[in-house]
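Sequence positions in the sequence shown follow our numbering and run 1046 to 1198.
No residue lacks a Cβ here, since even glycine has one placed at the ideal position from N, Cα and C.
All values reported here derive from a predicted model rather than from experimental measurement.
Worksheet: the structure to be examined is printed underneath.
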Amino acid sequence: MTAVLALAGCGGDDSGGSQGAGVKVESAYMPQPVTAAMAAGFLVIENDGDTPDTLRSVTSDIAQDVTIHTTSGQTMESADGDDRAIPAHGRLVLKSGGMHLMFEKLKRKPKEGETVSLELHFTKTGPVKVEMPVKSATYRTASSSSSSSSSHQ
1046 MTAVLALAGC
1056 GGDDSGGSQG
1066 AGVKVESAYM
1076 PQPVTAAMAA
1086 GFLVIENDGD
1096 TPDTLRSVTS
1106 DIAQDVTIHT
1116 TSGQTMESAD
1126 GDDRAIPAHG
1136 RLVLKSGGMH
1146 LMFEKLKRKP
1156 KEGETVSLEL
1166 HFTKTGPVKV
1176 EMPVKSATYR
1186 TASSSSSSSS
1196 SHQ
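Spelled out as structure tokens, the structure:
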């Protein structure tokens, strides 16, 4: 499967996205962390292909560990494989207040205006590299208000 990377650092529309079969990443951002120990990351993964896939893991040179968590009320827990599924012609939304990335044991505290490199690892698609911009601690994209973590288009 061909992996297509498209980054739309601002907003949740498709105006900056590349079209093609496979995986497309949009609306990636990291709010500037308030502590030097951990940070959160958000993005939208679209699967334009005919085969479902699953986000298996995430790595980044800025953190010792990057985990995929889901928030429900006041509780945060690791997201299991079913939660990380990306249906064919569907999407997986990692957003504030829902499923998101946790960058743990930061090697340095990223500042607003910088970018953080990460690599998404899937069950079927090859690794996808993402340059995630660091935004203000209060920044939110239009996709942050999406009501579901995954949906069919």
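Asked, Found
"Candidates 1161, 1096, 1171 and 1154: which alpha carbon is nearest residue 1087's?", "1161"
"Which stretch, first to last residue, makes up the beta strand (DSSP E) that contains residue 1105?", "1098-1105"
"Would you report the Cα separation of residue 1091 and residue 1133, rounded to the nearest angstrom?", "9 Å"
"Hey, quick one: how far does the beta strand (DSSP E) through residue 1073 stretch, first residue to last?", "1068-1076"
"Cα separation between residue 1114 and residue 1089?", "15 Å"
"Report, in whole angstroms, the separation of the C-beta atoms of residue 1174 and residue 1164, which I expect to be a contact under 8 Å.", "5 Å"
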